[in-house]
Each structure stands twice: as structure tokens, then as C-alpha cells.
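J.: Protein chains in written order, with our numbering: chain A, 1 to 309; chain B, 1 to 450; chain C, 1 to 293.
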Amino acid sequence: MNYPFGTGRARAAPYALLAPGILLYVLLALGPSLATAVYSFTDATGLPNSPIRWIGLENYREFLTLGAASKENLDALIRTFVFSLAVTVVQFTLGLLVAVLLNQKLRGTKFFRTLFFLPVILGVTIQGLMWTLFLYPLGGPLASFLGLFGLHSDMLGGQPAEAFAWVIVVQIWSNLGMTMVIFLAGLATIPSEVYEAARIDGANRWQVFREVTWPLLTPSVNTNLVLTIIGSLQAWQLFLVLTGYRAGTQVMGYLVYATAFGQTSGTTAGNTFRQGYGAAASIVLFVVVLAIGLTTQYLLRRREARLLE
Amino acid sequence: MRKLIVIFVVALMVAACGGGATASPSTSAGAQPSDGGGASTAPSLSGTVRVLIHQNPPFVDFMGTFNEKFKAKYPGVTVDMAVVNANDLGTSTQTRLTANDVDVIDIFSFSNAVQPYMKNVNPPGWQSLIEAGLLLDLTDQPFVKNYDPAAIADAGSFNGKVYEINLGRVGFSGIYYNKDLFTANNVKVPTTWSELVAACAAVTTAGVPCMTAGGKDGWPIFVGAYGLFGAAYPDQAALAEGLWTGSVKYTDPGFVELLKKAQIYGRDMMESGASGLAGDAAPGRFASGAVAMFPGGTWYGAAIETLKPTFQWGYIPFPGSDNAADNKYMFGKYDQGWAIAANTPNKDAALAYLAEFSDPANYQAFVTAVGVIPTQPGAKLETAIGAELAPYLANFRLGFELVWNAPKGAGQFASPMQNNMFKPFGTFEDPQAAAAQAQADLQSGLDALK
Amino acid sequence: MSTTMTPNAHSSGGPGAGVAVRRRRMDPGRMTAYAFLVILAIIYIAPMAMLVLTSLKTLPEFTKNAVSLPTSFAFDNFVEAWNKANFPRYLLNTVIYTVSSAVIFVVTGTFLSVAIARRFVRGGGVVFTLFLIALFLPPALIPQFQLILRLGLYNNPIGYILLFLVNPIGIVILVNYIRTIPVELDEAAAIEGCGYLRYVLQIVLPLAKPAIATVAVLHAIGVWNELVLATIYLTKSDYYPITRGLIVFNGVYGNNWPVLAAAVLMIAAPMAVFFVFMQRYIIGGVTAGAVKG
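And the structure:
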């Protein structure tokens, strides 16, 4: 692209200024992740002075094909897809809806905006704590409310499907604000003249949205889709706080964490150091996320290009 | 671009080389041979002792007091104590030992060692630490003799050397029960399974839920009915070996019987909503009088006492069998202990710290504060839970949890912890089906060995 | 890309802005909108209200009935949380970590994003993809730890801050936003004799305020609430952030919810205030300085 700020030495300015960012990235993100990839082919324990042997694909074989444990790993993978799909669809739609509504000058916009974004500010641990408190089955608020109708539910302690559903709800609740904020920022870039022009042309509200707002929102749409999909594929901290390590509820992110820190038995006994194996698990997750993420990005770019024609 | 590649490669090398590196230069700095391995009584020690412990309020409070005492005796030494969640203890131990950033560590007992009949299992964390040379050999330290040799051998040794002094045992196959409620309803203290079922029925008719436990955390349900396993298989090490060699199967009629009882326990005895209760909330429920019984470990004793229940309570073994004689055991484990980092720059002070802790007076104070079964012969657990436990101490047995390792590839139900397979905690409704699944899960790992 | 649109004017809202007369008459569309927002708001307020309610109760009150209203307003919980968790010191630490990392990241990130969005750098697309991939990267806890250790920055605030300087989400947001800034602006600025550096700092930065504010807030939240990394990397108690202070209430989740709730509220409060303050920048649209026509 055209660089209007000079030639020769001046041309180097962007390179020089972006160098620190790249350096940090390579040092702190890419480097360690490549190291993880390398470790995944070894039997490293993560402790110094332990001998490290190259074992090739052995870790992967164990994770993906060895016995009933590997079937559970694959189940976790499927569950991760389900989780991501559910969360993305609902969070994206609701977030867009709320942003559009709040973009009109209704009264109390600022209040709603702050309210819906508040959970994002609190962070995962607090979100989990709040809902653990709220969903307390023995006399907690929701339990009491249901009790008024004679209903009872164990909620997070109930059957795996129910607990899983609740985690989906909390995940959406917690991150809706972020989706909303990104859409709001995107909506703010659309000048009001454009809407007025469309309305003068006789378009109704839905047509305005479809023909004007939606295409112009493409950057925010892309950002939100990528973030939500990837975030939900990797999510695990909420599971840690809300359900703990429970059969039938694991998702890949949690599995990776638990494997790396030897917490797959649910008790404090049995802490093992298996950095190599944990690394393999995390690479598996990475490959999955990469595949889905890059595909999403590719599809979105193609759509963007088509829109510009 | 080339510069980027160079940086990239350097970063990669630096990051990748971490694993095989030797730890930072070793310890001989500052290790004056303390002759005869001694608590150098002269308070000429200096420097800092960095201590890492896990969160447990009575323990943390006790350590505060102990640290004051230690500093008074050795004014030249600073104690820098850090507290982490029990779940994070393993990770913190690993990172801090690697960074040589800790001197005295709180570590759980050495358990789950690889037994001779086990193949294809991962060595437990503590073994990796020892093999990496990160724990100090304590074999010849005088303070080790303060402890029960069996405790040292069972919970703190490896290959004939001592690496940990274990501070106490806990029992976990018992039930806390509300004495007053029982008396008021004319309920007999159960010594057999049928009596337990009857007792539950009686209190439920009187309008009080029978039991509670921290169902949300999973393991409290399993631990609560340890007595079921224990009554059927009093030699837990043999149970573990039997499962490995195939002489014991989950589908054996005896085991299925056990699972049937486990189902009754989870479905009928536990109060509804227990599956959503967090582990730490359960003692509170019991202490408030909301339920008649609370199966759990002796470590809850201190918590219950702090909550000052308005009623008399007791602790009995969980009667898993209809033969009272089978129910006399108390199953438990060795709990926490101390170890020292092999590369500590301040070995003398660290050793003095442990020596001071092992002093019978200090140790007794610890036992009283935290409520463990002592591992020093002279100490006594004289709190309420201690009194309740006393009759069963002679029949203390280690739970299989401490010897068990599942083979790699085994499914999630392969370990003998199937109490929480049944609804409402799990998804199973048929003990036979649960047994079959458990056996399949275990078999899958065993088959992979061939 | 919206490069053919008229330059962004000062826009205070979408359709409906400027038509002030409608206020009294509520059309059904608006009513449904309100109804929906109110219901959603209730779903949002409920758990938070529960937290606040709990923090004002005493423990016996809470154990007896979790949902009753507190009989007195037990501010003791807050005092206890403040004292026990050594708040002032740890709060200061957290503020330092958060502000430093946010500032450094915004600066390096902006330069990265401008260069990528405008393709001023060869291979910018590759770099962007690399950052995208960084979003997917597995947590490399142990290698990162070994790296920081070897750099000598273990148990060191600088090392800790370093961990937070790579934030792919921020880059993605910034790049997508900067792409909406018209290219004509660059040329206009260059014609007026603006160098690249000045251009970014004095023109792009103000224009990208909504995105930068968003990124800064998100980044700050991540650093503010971090517990695991703080536990691993900062073992000297002088360096603890306030999340480490929460540990004193851990393990008593079931036992002392009121004090825990109070502690949680105290930790969350500054961030909430910060966000409210930043709101003006995040959603305000673009302010003056834009090129006309």
C-alpha cells in the first residue's frame, strides 16, 4: 500500500516502531508455545534435572487412542464443540440485539450498558463465585424462587447435562457485555447521515438494518465472531469454579489444564508431573482451535471481499 | 527479517533449553557442616527461611504463632511464609523448587507409589521431585527420631532414605452424628449397615434429613462411604493388587452388593440438594443441626468445634457390613508433612526450623490446633474429635486411595471410587450396569498393557 | 471496508437522533425494546444483588437463611476483609501492574496495528495471522516460566508485567478498528508535513479512542483479576496483587460467604469505577479532529 510519509530512511519508521511489539510476541508467546510443541514429543516432567527423552508421537497416541481414557478425551472434544456453538450463537445474537437497541437514544442507555458489561469487569473467578452463590440449591435465590412453584433442581450439582447447561448460561451472561461493547463501538462509526439517507429512501427499520447497518458492521462482526468462537473453545476457568472436575462435563480446555497439573482424579492425591503429556494435550486443543479459527477467518474475509464489490 | 529470525531462534532455544538445565548453582554455599547434624542451639543462625504452606485456617493461624516463637529463639532469622490454595500447592511447589525460591515446604504424604505389580503408571509427583534431586535427604537428622518410625517409613521415605517428616494421620471412613437428636428419637447408634438404614429411616420420619456431604466437589461422596469398601475389603492393599491382577473384579457379586449399598447411601440417605453443596459448607450444615449425620473425615472435627454446635456430637465408623465385627476399622491416610528443598541456600536455618517444629511441645500444640492423629508417640489428640476417635485408633488402616494407581488409558470409573456414579451425583441407576462400566473402564487400561 | 463512506462525523447515536419530539408517545417497538432490556437487566442484577446482600449479613444470619434481607448492615465484613487481606498495599501493587501493562501494551499495540492495518510493513498480513494464531495458542505455562526464570525476572514485578504485554485480542480489535479510518487521512496528514510517528500519536490515537479505550479496559481487567500467574511468579508478599489477598478467604467458601462477598466487592469496585469513567471514550463516537470532506 501507499506509504505517504516519506522514503528512504523515513520508510523504516513503521518497522522500527512495530519491532518492540513483535519482539514481545516472539519472546513471550510464540517462543514458549513452540517449546510446548517440542515438549509434546518428549516425556518431560517439567522439573529440572530430570532426563528428557524423545518419544515421538507416544503422548499423542496415548491421548487420542489409548483405552477408555482416550474416548473420554474425544467426548470432551465433542462437548467443547457443543459448548462453543451454543455460546457463540446465543451470545452473538443477544449481543447484537442489545447493542442495536442501546444505540438508539432510549432512556437509561448508559445504565444498561454499564450493567451488562459489569460481569466482564469482575473476571472469571468472581463471575463463578456469584453464580455459585446464586445457584445454591439449598435455599439460594433461584432455588427458593423455584420452590415457590414446587419445583426443585440441583442445578450445578445436578446431572451432568444440567450442570453443563448452566455453565453455558453463565458463560453467555459473563461475556455478553464484551460482545455488546464491540458492536457498540462499531455502530458508533456509522454516521447518522447514512441512516437518514436510507430512511429518506423509504426503507423500514428492518431493511435499514439489513442493507445499511449489517454490512457496515462487518469489522465488529468479524471481531466478535472470532473472539467468541475461540474464547468459548478454550474456556475452562468457569468450569473450574462452577462444577469442578466432574465426569460428563469436561471440555478440552479444562482437560488440558487438569492434565498438566495432575488434577484429573479430583482429589489432592495423585499429583503427577507430566509436562510432555500435558503439552501434547494442549497442542491437540491448539490444532482444533487453529483449524476452526483460521477457517472462520478465511470465510469472513471472503465475505468481506464480496461485500465490497 | 533476518534479525527477526535470529531473535526467534534465540527465544526458542532459551525457552526450550529450560527443561534439561541444571538447577542454579548448588548448595554448598553456606552449608557449614552442622556437626552431628544438630540443632545448633546457639542462636547464631541468620538469613531467611522461606516456607510454603497450604491454606487451612487453623493451620495458618498456628503457623503464625509458631513463627513468632521461632523468631524469638533465633533472632537472626527471618521467616517468610507464603500461603496457597491446597489445589495450587503442587504447582507452587514445582515452580518454587525449580526457581530455588523456597526452603521449607509443606507436602502431602508420599502415597501412590508404583507397586511391583503395576505397569504403565506414572510415578507420583513426590517421586519425581526426589529423582530430580529437589528434596533434601533428612535421614540422619536427629529430629526424625521424634516421630513414629512407621510413620516415617510409610509416609516419608523412598529407597531407604527419609525425605519428609509426616505430621499426622486423618481418618475418613467415619460419620459425625448428632447425639442429642438420636437420643430424642430413640435411635440406636448404628453398628451395622441395617442399623444405619433403620436409623436413617427413623430420623427422616421425624422430619430431619438423614445425611449431608459436599456433593458438589465429588470426592466427599466417595469418601463418605469409604466404610462400604472397607467393610468388604479390609485389606485395601490387597484390593488394589487384586484389581490389577484380575482376581478381584468390580462385577464380582461382593462388589455389586457394595455398589447397591452405595446407591442407597447416595439416593436415600443423602439429603436432596447435597449434590450442590460445596465440601466446605457441609460441616456448617451439620453443626447447625440441619441434618442428623455427616459422613466425613476427621479433619472436619476442628471446623465443627469452631462452629460450636448446640448439641452433643460423636464420630463412629461407617458401618458397611451387617456383621458388626467387620465395621471396627477406621480407614484413613497420612496427611501433611514437611520437606526441605535440596538446594536451599540456608540449610542450617531450615533444619533448625524443622527441629524446632518437631520439639514435642510445639508438635503437641500443632496437633491440638489442626486436629490430626499424632505421628509422635508422646503426643495426644485431646480435642473432641480425638476423644471420639480413640477407641478406633488401634484398628487404623490405610485406605486404598494411597496405594492405588490406575493404568494408563483406563476410563474414569476405573478407580474404586464409584460411590458417586449413582444418581443424583452421577448418571447410573443400576448397580449391575455401574459395575460393568467400571470393570470395562479398568479393563481398558489393563488390556492396553499387553 | 467502509472506505467509500463520508468521513465519520460527530455522531451521537443512530436512527432517531435529533427527532426529539417523539418522547411522549411510545410506539410498540420502543415498548418491546424496553421490556426486553428490563428483563435482561433483572437477570443481570439478580446475582450481583445477591452478592451485595450477602456481604451485608453476618455469618449466622446467612447460614440460617441465605435469601433473607440483612437485619442490620454489617459493614464489619468489609472492615474485616480490608484488614485481613492487607488491602492497601496489595491494591497499590495491582494498580501498578495494571496501569503499566495497559499503557505499554496500548503503545506497542497501536504501532503494530497501524502498520498492519495500513500494510505499511511488508508481511503485515503474516504478522496479523501470527497474532491471530496467538489467540489460539495453548497456555505455555512451564516454558514461559523457564524463560522468565532464565531472564532473571522471576519474583520480579518487571517479569510479571512482561507476561501481560502480548494481548492478541487487543491487536485484533485495534486492527479492525483502524481499518475503518479513511486512508485519505494519511495522505492529508503527510501532505501537511506530518511524519509517521507524529501521525500515529497525534492523529490515529485520538481517532481510535473507542477501540483503544475498549482494549485498555479489557487488558486492565485481565491483569487486575489474574490469580494463577500471580501465585506462580510473585512469591514475595510485598509484590502480591489483591487477588492473592483473597486467598485468606479461600477454603472458607462455604463457611464465610459474607466476608468473602465483601472482599470480592472491594476488589471489583475500582475496576467498575474505571470502566464507568472510560465509557465516555469507548462509546462516544469520534470527536473533533476529523478531516472534513
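Ideal Cβ placement from N, Cα and C applies to all residues, glycine included.
So, helix, strand or coil for residue 241 of chain C, using DSSP?
T.: Three-state DSSP puts residue 241 of chain C in coil, outside helix and strand.
J.: Just curious, the beta strand (DSSP E) that residue 268 of chain B is in, first and last residue?
T.: Per DSSP, residue 268 of chain B belongs to no beta strand (DSSP E) and is neither H nor E.
J.: In the stretch 131-148 of chain C, which residues sit with their C-beta less than 7 Å from some C-beta in chain B, listed in chain order?
T.: Listed by position along the chain: 143, 145, 146 and 147.
J.: Taking residue 142 of chain C as part of the alpha helix (DSSP H), name the residues at either end of that continuous run.
T.: Element bounds for residue 142 of chain C: 141-150.
J.: Quick check: what's the CA-CA separation for residue 213 of chain A versus residue 214 of chain C?
T.: Straight-line Cα distance between these residues: approximately 21 Å.
J.: Would you kindly work out how many angstroms separate the C-alpha atoms of residue 286 of chain B and residue 147 of chain C, rounded to a whole number?
T.: Straight-line Cα distance between these residues: approximately 49 Å.
J.: Between the stretch 135-169 of chain B and chain C, which residues of the former have a C-beta closer than 9 Å to a C-beta of the latter?
T.: Listed by position along the chain: nothing, the set is empty.
J.: Using a threshold of 8 Å, state whether the C-beta atoms of residue 127 of chain A and residue 170 of chain A are closer than that.
T.: Yes, Cβ-Cβ distance for residue 127 of chain A and residue 170 of chain A is below 8 Å.
J.: Mind listing, in chain order, the continuous alpha helix (DSSP H) runs of no fewer than 4 residues lying wholly within the stretch 331-380 of chain B?
T.: 347-358 and 360-370, all fully within the stretch 331-380 of chain B.
J.: At what residue ranges does the stretch 60-140 of chain B contain a whole run of the beta strand (DSSP E), taking only runs of 3 or more?
T.: Listed in chain order, the complete beta strand (DSSP E) runs (minimum 3 residues) inside the stretch 60-140 of chain B are 77-84 and 104-108.
J.: Is there a Cβ of chain B sitting closer than 8 Å to that of residue 77 of chain C, yes or no?
T.: Chain B, which has no Cβ nearer than 8 Å to the Cβ of residue 77 of chain C, makes this no.
J.: Between C:114, C:129 and C:111, which has its C-alpha nearest residue 294 of chain A's C-alpha?
T.: Checked all of C:114, C:129 and C:111; the closest Cα to residue 294 of chain A is C:129.
J.: Could you tell me whether the stretch 387-403 of chain B touches the stretch 327-346 of chain B, using the rule of 3 or more Cβ pairs below 8 Å?
T.: Flag = yes, the stretch 387-403 of chain B and the stretch 327-346 of chain B touch.
J.: Less than 7 Å between C-beta atoms, sequence neighbours within five positions excluded: which residues of the same chain meet that for residue 191 of chain B?
T.: 319, 324 and 327.
J.: Exposed or buried, what is residue 361 of chain B when buried is set at 16 or more other beta-carbons lying within 10 Å of its beta-carbon?
T.: Result: exposed.
J.: For residue 413 of chain B, name the three-state secondary structure that DSSP assigns.
T.: Note: residue 413 of chain B maps to coil in three-state DSSP.
J.: Between which residues of its own chain and residue 272 of chain B is the CB-CB distance below 7 Å, once the five residues before and five after are set aside?
T.: Excluding sequence neighbours, residue 272 of chain B sits near nothing in its chain.
J.: What is the C-beta distance between residue 131 of chain A and residue 47 of chain C, in whole angstroms, given that I count them as a contact (C-beta under 8 Å)?
T.: Their Cβ separation, rounded to whole angstroms, is 6 Å, which keeps residue 131 of chain A and residue 47 of chain C in contact under 8 Å.
J.: Please list the residues of the stretch 55-81 of chain A that have a C-beta atom closer than 8 Å to any C-beta atom in chain B, keeping them in chain order.
T.: Listed in sequence order: 62, 66, 67, 68, 69, 70, 71 and 72.
J.: Does chain A have any CB closer than 8 Å to the CB of residue 275 of chain B?
T.: Closer than 8 Å to some Cβ of chain A, the Cβ of residue 275 of chain B qualifies, so yes.
J.: Tell me whether residue 236 of chain B is buried or exposed, calling it buried when 16 or more other Cβ atoms sit within 10 Å of its Cβ.
T.: So residue 236 of chain B counts as buried.
J.: Start and end of the beta strand (DSSP E) containing residue 52 of chain B?
T.: Residue 52 of chain B -> beta strand (DSSP E) spans 47-54.
J.: Nearest CA to the CA of residue 288 of chain B: which residue from B:138, B:127 and B:181?
T.: Per the Cα distances, B:181.
J.: For my contact list, residue 55 of chain B and residue 79 of chain B are in at a C-beta cut-off of 8 Å; report their separation, rounded to the angstrom.
T.: Contact flag wrong, Cβ pair sits at about 18 Å.
J.: The alpha helix (DSSP H) spanning residue 116 of chain C covers which residue range?
T.: Run containing residue 116 of chain C: 87-117, per the alpha helix (DSSP H) assignment.
J.: Would you list the residues sitting across from residue 176 of chain B in a DSSP beta bridge?
T.: DSSP lists B:294 and B:315 as partners of residue 176 of chain B.
J.: Do you know whose CA, among C:274, C:51 and C:151, lies nearest residue 77 of chain C's CA?
T.: The shortest C-alpha separation from residue 77 of chain C is found at C:51.
J.: Could you tell me whether the Cβ of residue 50 of chain A comes closer than 8 Å to any Cβ of chain B?
T.: Cβ-Cβ to chain B under 8 Å: yes for residue 50 of chain A.
J.: Which class does residue 161 of chain B belong to by DSSP, given the choice of helix, strand or coil?
T.: Residue 161 of chain B: strand per DSSP, three-state reduction.
J.: Under 8 Å, Cβ to Cβ, is there at least one residue of chain E near residue 13 of chain A?
T.: In the structure shown, chain E cannot be found, because the protein chains are A, B and C.
J.: Spell out whether any CB of chain B is found under 8 Å from the CB atom of residue 9 of chain A.
T.: Judged by the 8 Å Cβ criterion, residue 9 of chain A is not in contact with chain B.
J.: For residue 308 of chain A, I'd like the list of residues in its chain whose CB is within less than 8 Å of its CB, leaving aside the five on either flank, ordered along the chain.
T.: Correct list: empty, nothing qualifies.
J.: How many angstroms separate the CA atom of residue 65 of chain A from the CA atom of residue 71 of chain A?
T.: Cα to Cα, residue 65 of chain A sits roughly 7 Å from residue 71 of chain A.
J.: Report the rounded CA-to-CA distance for residue 31 of chain B versus residue 117 of chain B, giving the unit in angstroms.
T.: Any reading at residue 31 of chain B is ruled out, since the residue's pLDDT is 38, under 50, leaving its predicted position unreliable.
J.: Comparing alpha-carbon positions, which option in B:98, B:87 and B:71 lies nearest residue 344 of chain B?
T.: Looking at the Cα atoms, B:98 is the closest of the given residues.
J.: If you measure from the beta carbon of residue 239 of chain C to each beta carbon in chain B, is any gap under 8 Å?
T.: Chain B contact via Cβ: absent.
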